[in-house]
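Take a look at the structure below.
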Amino acid sequence: MKLIAAMSGGVDSAVAAARAVESGHDVIGVHLALAANPQKYRSGARGCCTIEDSHDARRAADVIGIPFYIWDMAEEFHDGVVEDFLAEYAAGRTPNPCLRCNEKIKFAAVLDRARAMGFDGVVTGHYARTQISESGKTLHRAVDHSKDQSYVLSVLTIEQIAGAIFPLGDTTKVDIRKEAEARGLAVAQKPDSHDICFVPSGDNAGWLRDRLGSEVGPIVDQAGNKIGEHKGAYTYTIGQRKGLGLTIPTPDGSPRFVLKIEPVSNTVVVGAREDLAIITMVGERPVWCGPAVTSEVQTGFVQIRAHGSPLPCTYYFDGTVLIATLAEPLLGLATGQAMVIYDGDRVVGSATICETK
Amino acid sequence: MPSIYVDHAATTPLSAAAFAAISQQLQELGNPSSLHTHGRATRKALEDAREAIAKEVGCLGSEVIFTASGTEANNIALKGLFWQGRAQGKRVIVISAIEHHAILDPAQWLKTHEGAEVIEIDVDSNGVINLETLKTVIAERANEIAVISIMHANNETGVLQPISEIVGLAGDIPVHTDAVQSFKKTPLSFSQLGVYALTLSAHKVGGPLGIGALILRRAVEIPALLHGGGQEREIRSGTLNAPSIVAFAAAAADSYPQAQVTTLRDSFIDGVKALIPDAIINGESSYRLPGIVNVTFPGTQSDTLLLLLDSAHVSASTGSACSAGVHEASHVLLAMGHTETTAQSSLRFSFGATSTQADLDFIMSVLPGVITRGRAANIK
Chain A
1 MKLIAAMSGG VDSAVAAARA VESGHDVIGV HLALAANPQK YRSGARGCCT
51 IEDSHDARRA ADVIGIPFYI WDMAEEFHDG VVEDFLAEYA AGRTPNPCLR
101 CNEKIKFAAV LDRARAMGFD GVVTGHYART QISESGKTLH RAVDHSKDQS
151 YVLSVLTIEQ IAGAIFPLGD TTKVDIRKEA EARGLAVAQK PDSHDICFVP
201 SGDNAGWLRD RLGSEVGPIV DQAGNKIGEH KGAYTYTIGQ RKGLGLTIPT
251 PDGSPRFVLK IEPVSNTVVV GAREDLAIIT MVGERPVWCG PAVTSEVQTG
301 FVQIRAHGSP LPCTYYFDGT VLIATLAEPL LGLATGQAMV IYDGDRVVGS
351 ATICETK
Chain B
358 MPSIYVDHAA TTPLSAAAFA AISQQLQELG NPSSLHTHGR ATRKALEDAR
408 EAIAKEVGCL GSEVIFTASG TEANNIALKG LFWQGRAQGK RVIVISAIEH
458 HAILDPAQWL KTHEGAEVIE IDVDSNGVIN LETLKTVIAE RANEIAVISI
508 MHANNETGVL QPISEIVGLA GDIPVHTDAV QSFKKTPLSF SQLGVYALTL
558 SAHKVGGPLG IGALILRRAV EIPALLHGGG QEREIRSGTL NAPSIVAFAA
608 AAADSYPQAQ VTTLRDSFID GVKALIPDAI INGESSYRLP GIVNVTFPGT
658 QSDTLLLLLD SAHVSASTGS ACSAGVHEAS HVLLAMGHTE TTAQSSLRFS
708 FGATSTQADL DFIMSVLPGV ITRGRAANIK
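Residue numbers (the working numbering), protein chains in the order written: chain A, 1 to 357; chain B, 358 to 737.
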């Protein structure tokens, strides 16, 4: 196959590209320039948008022996990922930008462009696997569950999965580093990136405050009594306990937790731990990674964070929203996050959580 | 497998004469500044080379200052002439809107750090500097202008600039010209042009990478950028790179097949127009270098076209600068009236002494497919 290997400058995508070449594919390396002004990020060499990262990617491509180009996707990234991130926080939800980037950039803008140019698919260094079964090509968890990235890939449609190649899914991260070393790739020991790439300082709240302002609003209890103030509701997360700055104690001295964020009134609602408990989650804009979920109730697992645990549940699709009911109550679930349904290791699909009960 | 190189404006194949010269000189021992026999031998070879280059560019041997690149020569000229002018209270730098970054960026640096005022002269849609604007600027600011620097031929379009007329308008104001692209490709004489300073680079004429020259009038004393052993009229210290210099001279002595390259270029343009009827040849109606063609392919993105051409074994270029490898819209094409979109849809094909009709035939065989795919991939 003729493939585009998306190369961030990190160890995973470098090994993924090398493996694709070794499998006999005709591979071209592409680094996605996602920051509108890469120079701006020079000092914060932690994301995937620095000049140094693009040089690392180029060097890896040269060592592997494949052509290398840089694609400017800054505009698409800004509109599809950064703006979405801000809008979601402004609406009181907690978004996952990596998921959005896979959905709108890597397996949309890049894959579409690659296909138009005559390529068959896109290779990335994600830890996930695909399998060909009777129902087509399906998406599965990586062997290394601690590095599994199937959660952030759960937004891919069958059509997108068909054009996605994940050569690392069968190997642990430790072994990928060893392999990179053996292949003479200088990025073998490059640290993993953990932060959101467009927030190079790692200060998510500060980054949001610069863009969304810090309008003071009330912190109220469930009865609506004001018990404190905050500087920007969006800096809080459902289930958050620390950093609330509340001076009025509860009658029994028990701690308070963030239960709800109301963006319109700029209000943060707090309450007792048990009030966080939910049993049902509702997700909008579902995407099926394989056969579509129907109105028939199924048993499986739902995962609500990138590296969270799979939670036993039943689920069904009512024609508009995806509804999952947990076997046991869960404490603290923010809307805006993705609920990803698994059937064993297979990713069934995902939806954006819009309601919890 | 074919491997077609149409990026001679970026760099050229090393000529056989240059290869022989550098190989021979690399085996010779002696610092050209040393006074002993070894030093004198290297000095002799180096000075022979200096005179040979001087002859090719129409200047005196003593007017040749060797540098490590054209960029360095431009920096010495622009900064040196600015500082010289500033000492007399002149702070204005006049350049064109289509200069190479090796002039644009030093000019911006002088503005930011040294108190310069930079005036950019506009160009017309054919890529030629607007002499009326220049005339007005000189009429109004003559006593404040430290230096005028206008390139001899543009590196993206090949369009020649009216340097003699500019020198005529400038009067006593020092004029520098970046002739990196023009040298050997079109008649060029330092003394006849009447400029104060002129920049050359070896690897654009079949010489090695890493050697350039600033031609600077004998009487002009400008401050140095590099201080040290006092080589090159104390304007450019550093041990002279004798092997590269003799190779530069050997390459410069080769004759350039101007008629042959012009014929190829015109044949290329005819072919492009026949295959891609809406293609635009930028600067087509201007006097320009024989080897450079800049084409806008509407509805495409140049980085996509480059990838597809590269996959088809054709090495071309956008000709414009990169920022972290991201192709920016060419400031040259923007100055000529292009939009960001059309400027980003343009490629430079540049031919040289080793280009052949077979190269062109091959490009024509792949071009329609590349443009079709490029248009399909232009999803933005």
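Idealized CB from N, CA, C, for every residue including glycine. Predicted model, so just to flag it, every value in this text is computed and none were measured.
Neighbourhood of residue i by C-beta distance below 7 Å, restricted to the same chain and skipping five residues each side
i      : result
F119/A : K2, L3, I4
V524/B : V532, L550, G551, V552
D221/A : I227, V270, G271
G694/B : S482
A536/B : H509, L545, L555, T556, L557
With 16 other Cβ atoms within 10 Å as the buried cut-off, status of residue i
i      : result
D148/A : buried
M358/B : exposed
Q131/A : exposed
R575/B : exposed
P565/B : buried
T657/B : buried
H393/B : exposed
K260/A : buried
R46/A  : Interpretation of R46/A is limited by its pLDDT of 40, a score under 50 that renders its predicted location unreliable; the figure taken from the coordinates is listed afterwards. R46/A is buried by the Cβ-count criterion.
V15/A  : buried
Q382/B : buried
G587/B : exposed
V123/A : buried
A631/B : exposed
R285/A : exposed
Pairwise C-alpha distance: residue j and residue i
i      : j      : result
Q714/B : V363/B : 12 Å
I530/B : G585/B : 29 Å
G44/A  : T50/A  : Below a pLDDT of 50, predicted positions are generally treated as unreliable, and G44/A, at 38, falls in that range; the measurement from the model is reported next regardless. Computed Cα separation, rounded: 8 Å.
M721/B : G283/A : 54 Å
H55/A  : G10/A  : 11 Å
A334/A : L212/A : 19 Å
A430/B : H395/B : 28 Å
S135/A : I158/A : 10 Å
G202/A : T235/A : 14 Å
N735/B : R113/A : 7 Å
A434/B : E181/A : 47 Å
G427/B : H365/B : 16 Å
H470/B : H457/B : 20 Å
H31/A  : F198/A : 16 Å
V618/B : I361/B : 15 Å
I105/A : S712/B : 40 Å
L438/B : S672/B : 38 Å
L467/B : L717/B : 43 Å
A503/B : A6/A   : 49 Å
A327/A : I278/A : 11 Å
S193/A : T356/A : 31 Å
Cβ neighbours of residue i in the same chain (closer than 6 Å, five flanking residues each side left out)
i      : result
P97/A  : V81, F85, I196
A398/B : G387
K401/B : none
G332/A : I238, G239, L276
T138/A : Q131, G290, R346
I495/B : L526
Chain B residues whose Cβ lies nearer than 7 Å to that of residue i
i      : result
R113/A : A734, I736
Whole-number beta carbon distance between residue j and residue i, since they are thought to touch under 8 Å
i      : j      : result
V216/A : V293/A : So it is not a contact: roughly 43 Å between Cβ atoms.
V689/B : N483/B : Contact doesn't hold; Cβ gap of about 12 Å is too wide.
Q298/A : Y151/A : With 8 Å as the limit, Q298/A and Y151/A do not qualify as a contact, their Cβ atoms being about 19 Å apart.
S391/B : I460/B : That pair is no contact at about 36 Å.
Within chain B, the residues that residue i reaches when beta carbons sit closer than 8 Å
i      : result
G213/A : Simply none; closest approach about 31 Å.
P67/A  : L664, D667, S668
Contacts that residue i makes with chain A (C-beta to C-beta distance below 9 Å)
i      : result
L665/B : M117, G118
H684/B : I70, D72
R645/B : Under the 9 Å cutoff, chain A gives no residues; its nearest Cβ is about 29 Å from R645/B.
Cross-chain neighbours of residue i in chain A, by beta carbon under 7 Å
i      : result
R705/B : None at all; the shortest Cβ gap to chain A is about 17 Å.
T661/B : M117
Residues near residue i by beta carbon distance below 8 Å, same chain, minus five either side
i      : result
W288/A : T157, I158, V348, G349
G184/A : V63
V407/B : The residue you asked about is not Val; residue 407/B is Arg in the sequence shown. Cβ neighbours of R407/B beyond the five flanking positions: G418, V421, F423, I602, A606.
Chain A residues whose Cβ lies nearer than 8 Å to that of residue i
i      : result
R730/B : A116, M117, G118
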